[in-house]
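A.B. asks: For the sequence shown, full-length UniProt numbering assigns the number 1 to the initial residue and increments by one for each residue that follows. Take a look at the following structure, please.
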Amino acid sequence: MNEFQGKVALVTGGGRGIGRAIALALAQAGCDVAVLARTHGEIEQVAAEIQATGQRSFAISSDLSDGKAITHTFTAITKELGPIAILINNAGVVEPLGSIQTVDPDAWAQAIDINLIGAFRWMRACLPMMLERGWGRIINISTGAATETGMENSSAYSTSKAGLEMLTRNSAAELRGKGVTVNAVRPGTVDTAMQAHIRGLPIEQVGQQIHDRFKGFYEQGTLLEPSRPARLVVNLLRGESTGEIVSIYDQRGQELLKQ
1 MNEFQGKVAL VTGGGRGIGR AIALALAQAG CDVAVLARTH GEIEQVAAEI
51 QATGQRSFAI SSDLSDGKAI THTFTAITKE LGPIAILINN AGVVEPLGSI
101 QTVDPDAWAQ AIDINLIGAF RWMRACLPMM LERGWGRIIN ISTGAATETG
151 MENSSAYSTS KAGLEMLTRN SAAELRGKGV TVNAVRPGTV DTAMQAHIRG
201 LPIEQVGQQI HDRFKGFYEQ GTLLEPSRPA RLVVNLLRGE STGEIVSIYD
251 QRGQELLKQ
């Protein structure tokens, strides 16, 4: 189905894993796709794959912690592809990992800048054009860690994602009835480079709880393919619901996967 034909989508963190899968799924649904990440080589490859489907694509590297860079990147994308109608805030970092007593405060703050404030800045950049046209879709990629009881040594990541979910709900309330929806997706435990990276870190850094958990996901074969959350995201974009926090494991997530 090409119901999004002619619409421009931006996927941050689109060079690998979940972001790459979402970018390719959006192209299959008819979108022209801007792919953004820090590593230019990876997004160039994804852009080439999108262009091979017949859709336009634009690869651009940028720093999500730099507000001026985001403004410059937004201008470059809209000049190349046109107004952004679909925004997928997928880019994020899991580090720094460590206790609040040992973690570097500057690294902790940078995680908030990238995972939360970067998403906020991209929403602010894209919203005027969405509102002007009376149609827009924003999905923020979150995690179950946003609302879990608590997990040692991951305060920066969990805190930033909890904030992202509240940003999603508040923005949805502000934009209700204006043609722009804002939702968040918890993609589950997915077979990505981030998962592999965490498994390779020393226990002293990540803590026993995270080490055992991520090792267990891998050894038990419970990691999902990135195409699964990508399918959920695209199907969620098709609807009119807003303010949802959808987990791939809950009833709503399973319903979306079956569409």
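In this text, a Cβ means the ideal position worked out from N, Cα and C, and glycines have one as well. For clarity, every value in this text was computed on a predicted model and none was experimentally measured.
Tell me, to the nearest whole angstrom, how far the beta carbon of Val246 is from that of Leu232; I am working on the premise that it is less than 8 Å.
C.D. replies: As a working note, residue 246 is residue 246 in the sequence shown. As a working note, residue 232 is residue 232 in the sequence shown. So it is a contact: roughly 7 Å between Cβ atoms.
A.B. asks: Near Gly118, which residues of its chain fall below 8 Å by C-beta distance, leaving aside the five closest residues on each side in sequence?
C.D. replies: For the purposes of this step, residue 118 is taken as residue 118 along the sequence shown, with counting starting at 1. Excluding positions up to five away in sequence, the list reads Thr12, Leu64, Ser65, Ile70, Asn89 and Ala91.
A.B. asks: Would you list the one or two residues that DSSP bridges to Asp32?
C.D. replies: The residue given as residue 32 occupies position 32 in the sequence shown. Partner(s): Val8.
A.B. asks: With DSSP as the reference, label Arg137 as helix, strand or coil.
C.D. replies: Indexing the sequence shown from 1 puts residue 137 at position 137. DSSP places Arg137 in strand when its eight states are reduced to three.
A.B. asks: Closer than 8 Å is the cut-off here; do at least three beta carbon pairs connect the region 125–132 with the region 101–110?
C.D. replies: These segments do not touch.
A.B. asks: Between Gln28 and Lys215, what straight-line distance do the alpha-carbon atoms span, to the nearest angstrom?
C.D. replies: In the sequence shown, counting from the first residue as 1, residue 28 sits at position 28. In the sequence shown, counting from the first residue as 1, residue 215 sits at position 215. Distance between the alpha carbons of Gln28 and Lys215 is about 34 Å.
A.B. asks: Taking 8 Å as the cut-off, does the region 131–145 touch the region 72–81 (at least 3 CB pairs, one atom from each stretch)?
C.D. replies: Taking 8 Å as the limit for Cβ pairs, the verdict is that the region 131–145 does not touch the region 72–81.
A.B. asks: What residue does the beta strand (DSSP E) around Ser61 start on, and which one ends it?
C.D. replies: If you number the sequence shown from 1, residue 61 lands on position 61. Ser57 to Ser61 is the extent of the beta strand (DSSP E) around Ser61.
A.B. asks: Find out if the Cβ-Cβ distance for the pair Thr168, Ala184 is shorter than 8 Å.
C.D. replies: By one-based count along the sequence shown, residue 168 stands at place 168. By one-based count along the sequence shown, residue 184 stands at place 184. Yes.
A.B. asks: Going by alpha carbons, who is nearest to Glu80 out of Gln220, Ala9, Leu131 and Thr192?
C.D. replies: As a first step, residue 80 must be located in the sequence shown, where it is residue number 80. Of Gln220, Ala9, Leu131 and Thr192, the residue nearest in Cα terms is Ala9.
A.B. asks: Considering just the uninterrupted stretch of the beta strand (DSSP E) at Arg16, what are its terminal residues?
C.D. replies: If you number the sequence shown from 1, residue 16 lands on position 16. No beta strand (DSSP E) holds Arg16; DSSP gives it neither H nor E.
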